[in-house]
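Input: a single structure, listed below in structure tokens.
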Amino acid sequence: MRKTERSSEPRRRRNAVSPKGTAAVGRRPLPQRTCVACHTVHAKRELVRIVRSPTGEVAVDLRGKAPGRGAYLDPDQACLERGLREGVLAKALEIPIDATTAERLKVELDEAARVRQKETA
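The numbers in numbering that gives the first Met the number 0 rise by one with no breaks, and the one at position 53 of the sequence shown is 52.
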């Protein structure tokens, strides 16, 4: 087929893959992220983003768009505690996390989990 001729077949997107692994024609794949604590892969909207701002403050980013270095966690206390205990959250954010920041993150993560529950209900 020459470059000037057009095919009668519809164009397909090359890298479009559905969550089940089959080709999704005309739809974009859902963004996926990995929890830094338990290493499970979820849809981006199911995880909570923890962000280190350019000023060095660590906080929960509910919208997922705050500037700075981010890490994703499951919205439960077990993953946060594991991330803090094993140091993987501090390593992902490239900043040491002290006890007061850890306690504040636990409170913010509880609030984020409640907000997410209200959104899905």
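The beta-carbon is built from N, C-alpha and C at its ideal position, and this holds for glycine as well.
Quick caveat: nothing in here was measured; it's all calculated off a predicted structure.
The C-alpha of Ala120 lies about 35 angstroms from the C-alpha of Thr54. Residue pairing by DSSP puts Val40 in a beta bridge opposite Thr33.
Closest option to Val87, judged by alpha-carbon separation, among Gly69, Glu102, Thr99: Gly69. Each of Gly82, Pro95, Arg27 was checked against the Cα of Cys37, and the nearest Cα belongs to Gly82. Inter-segment contact for the region 95 to 107 and the region 28 to 45 is absent: fewer than three beta-carbon pairs are separated by less than 8 angstroms. The alpha-carbon separation between Val59 and Gln31 amounts to approximately 18 angstroms. The three-state secondary structure of Leu79, taken from DSSP, is helix. For Ala89, the enclosing alpha helix (DSSP H) begins and ends at 87 to 92. In this structure, Ile94 is the residue among Pro28, Ile94, Arg26 with its C-alpha nearest to the C-alpha of Ile49.
For Leu79, the closest C-alpha among the options Lys105, Arg113, Arg27 is that of Lys105.
Contact annotation: Val35 and Leu61 have beta-carbon atoms that are not nearer than 9 angstroms.
Annotated as distal: Gly67 and Arg84, with beta-carbon spacing of 9 angstroms or more.
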